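Encoded as structure tokens, the structure appears first; notes follow it.
Protein chains: 2
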Amino acid sequence: MAPSILRQSLAKIGDLSDEEWALLKGTATPKEFKRGERLLNEGDICRAYFFVEKGYLRTYYNKDGVEINLQFSFEGDFTTNFKSLKNEKPSHFIIEAGEKSRVWIFDREKMKPLYFEKEAIGLLLRRLAMQLLLSSEEYSNLYKISTPTQRYEYIERHKPHLLQRLSLSQLSSYLGVTRETLSRIRSASAR
Amino acid sequence: MAPSILRQSLAKIGDLSDEEWALLKGTATPKEFKRGERLLNEGDICRAYFFVEKGYLRTYYNKDGVEINLQFSFEGDFTTNFKSLKNEKPSHFIIEAGEKSRVWIFDREKMKPLYFEKEAIGLLLRRLAMQLLLSSEEYSNLYKISTPTQRYEYIERHKPHLLQRLSLSQLSSYLGVTRETLSRIRSASAR
DNA sequence: ATAATTTTGTGACGAACTTCACAAGGTGAT
DNA sequence: ATCACCTTGTGAAGTTCGTCACAAAATTAT
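Residue numbers (the numbering used here), protein chains in the order written: chain F, 1 to 191; chain V, 1 to 191.
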């Protein structure tokens, strides 16, 4: 049988024996979400890692009624809200399905014993956490260091799938500009 | 004998026995840096965590000849460049002393065996990494979500020591504005 | 297919920030 | 105390981006 996209994605992070893989998988539940359905609500405590098998997830913040996108997670990606997960504090962010999506929900409480009992699982989870945090740091530096136009060019070069899968409006708040400005950046760069 | 500021700071992150503490301390070397001396140079691979005993460190990026501050680390703080440390890739950032400083340099290679042999040390180091990355995430969200004036107010409320220890020019690039703009924000907020 | 709804493009205008220039105020060295 | 150097304050002009308004295009529902 062909390995699942889930197992493939995990294999990129660390090696697990068949037994360990079965144990880890046992902590997760697959679930379907319709476009707009929420995996994490503002004010709730985040208790899981999410793995996207199909579709995509959108992490956003509600600023005076305007949604500001902080992250998009596509097929093969993991995501969560670390600050809420680690500190067991209410989340300021919302995670919802950007389109009809199939997601594996890794329950933190179920994973906890494995974390200590199985060295390889603990190592893999730590690496996963590190990867997620590092990519968030990278995004934050992009944000700080460059102008809106440069940010758009960065996306064109390094994350072109974002341009294909997201509407201009969704992308604009991720880049920190209005949709009008992004529209103008795009029409200027077409020349 | 009174516990050192180093041991006090570590105690806030996790518990270590006297033996573990001695082992961990053995991986570190204290060093003095004059104002402007560099702990990490652009293009070099970061191989250590830095603990500030006295003075402060400045992490910045050189953008077309203009320095952009990304982080300040004061007495009792740890810092490093994670991306470079973890991936063993050349650093894009520079870490240097903002004033005459005394720093403990925790060598990554020396720490590595302890990480696996001593459970408590591994746990503490993971927590430390998590804290550093979460604070960087928090800063990035501040940056994204608010206007320059709001960012300044955030600093006033949550990190007033920055206002006392840093020059206006240093702070301005950290807030993502020119020094002129920060000067104007400040004179407006004085009323 | 057609209508309704949502998304995108574009112009006009204003606000916020940058750039440039220079004066004033501090700080350190001799 | 004086000079040199560095930092801060402030005005004027220019840019960029946001806001508002509306038309065009695309998508979805019926």
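Every residue gets a Cβ at the ideal spot worked out from N, C-alpha and C, and that includes glycine. Computed from a prediction, not measured in an experiment: that's the story for all the values here.
Secondary structure of residue i, DSSP reduced to three states
i: V/E32; result: strand
i: F/A48; result: strand
i: V/I94; result: strand
i: V/S101; result: strand
i: V/T178; result: coil
i: F/D107; result: strand
i: V/T79; result: strand
i: F/E153; result: helix
i: V/K54; result: strand
i: V/L16; result: coil
8 Å contact criterion, which residue i and residue j should meet: CB distance rounded
i: F/K63; j: V/G176; result: F/K63 to V/G176, Cβ: 17 Å. No contact.
i: F/Y174; j: F/N69; result: 4 Å
i: F/F74; j: F/R58; result: Wrong, their Cβ atoms sit about 10 Å apart, outside the cutoff.
i: V/S189; j: V/L182; result: Actually they do not touch by this definition, with Cβ atoms about 10 Å apart.
i: V/E20; j: V/K118; result: 5 Å
i: V/R108; j: V/R38; result: Not a contact, Cβ separation roughly 18 Å.
i: V/L125; j: V/M111; result: 7 Å
i: F/K25; j: V/M130; result: With 8 Å as the limit, F/K25 and V/M130 do not qualify as a contact, their Cβ atoms being about 25 Å apart.
i: F/Y154; j: F/L142; result: 6 Å
i: V/E137; j: F/S135; result: The pair is not a contact, with the Cβ atoms about 11 Å apart (cut-off 8 Å).
Other residues of its chain near residue i: CB distance less than 8 Å, five sequence neighbours each side excluded
i: V/L132; result: F78, T79, T80 and F82
Which residues DSSP lists as bridging residue i, in chain order
i: F/Q71; result: F/T59
i: V/L40; result: V/I95
Proximal residues to residue i (C-beta, below 7 Å), its chain only, five neighbours per side dropped
i: F/L128; result: I13 and F78
i: F/K34; result: A97 and K100
i: F/E88; result: I45
i: F/G36; result: E96 and A97
Own chain partners of residue i with C-beta closer than 6 Å, once the 5 adjacent residues on each side are dropped
i: F/L16; result: A120
i: F/G122; result: Y115
i: F/T149; result: I185
Heavy atom of the ligand NAD within 7 Å of residue i beta-carbon
i: F/L182; result: With respect to the ligand NAD, the structure offers nothing, as it holds no ligand at all.
Kindly confirm or deny that the region 30-47 of chain F and the region 86-94 of chain F touch, where touching means at least three C-beta pairs closer than 8 Å. yes
Contact between the region 154-167 of chain F and the region 9-16 of chain V is defined here as three or more beta-carbon pairs at a separation below 8 Å; is this criterion met? The answer is no - the region 9-16 of chain V does not touch the region 154-167 of chain F, with fewer than three Cβ pairs under 8 Å.
Stretch pair the region 95-112 of chain F + the region 49-59 of chain F: three plus CB contacts closer than 8 Å: yes
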